[in-house]
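These notes concern the structure reproduced below.
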Amino acid sequence: MFTYLETEKSTRTKEATSDEIIISVATDILSKLPADFNLDKALEKYPTSYNQSMNTVLVQEMDRFNKLLNCIRTSLVNVKRAVKGFYFLSPTLMAQNYVLIVLKSKI
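To convert, take the position in the sequence shown, counting from 1, and add 1250; that gives the working numbering.
Quick look at the structure:
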């Protein structure tokens, strides 16, 4: 017969640690991020001209979105590296770790 302590111990070993949660959430988010926009193709298809000012805005926004994606990717990779001990865990990365743990608990 299992005692209460044995049952408690077996359930604790199956729970993921906070480091495992952070790595799994970061990996999941990284896998779902879209690829960067190809700005050269966008400029070919939507050339910038005085008569078509929206083309300029479109390409600028695509560039901004690419920068945002790169920032997200870099942050998530750095979080994963910091959890593994290969990168300095700055206050910013600590905050990101907390957010990833909260996200996992909400999902």
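Positions of the beta carbon are idealized from the N, C-alpha and C atoms, including for glycine. Since the structure is predicted, the reported quantities are computational estimates derived from the model, not experimental observations.
Quiz prompt | Proximity winner among I1273, L1308, S1281, P1284, relative to E1294 (alpha-carbon distances) | solution = L1308
Exercise. Answer yes or no: do R1331 and L1280 have a C-beta to C-beta separation smaller than 8 Å?
Key: no
Quiz item: Leaving out the 5 sequence neighbours to the left and right, which residues in its chain are closer than 8 Å to L1319 when beta-carbon positions are compared?
Solution: L1283, P1284, D1286
Practice problem: Could you pull out every unbroken alpha helix (DSSP H) segment of at least 4 residues lying fully inside the stretch 1279 to 1306, listed in chain order? | Solution: 1289 to 1295
Exercise. Mind reading off the beta-carbon distance from V1333 to D1278? Whole number of angstroms is fine, and I expect it under 8 Å.
Key: About 14 Å separates the two Cβ atoms, so there is no contact after all.
Quiz item: Quick one: is the Cβ of N1316 within less than 7 Å of any heavy atom of the ligand FMN?
Solution: The ligand FMN is not among the ligands present in this structure, which contains no ligands whatsoever.
Practice problem: Would you decide whether N1328 is buried or exposed? Buried here means 16 or more other CB atoms lie within 10 Å of its CB. | Solution: buried
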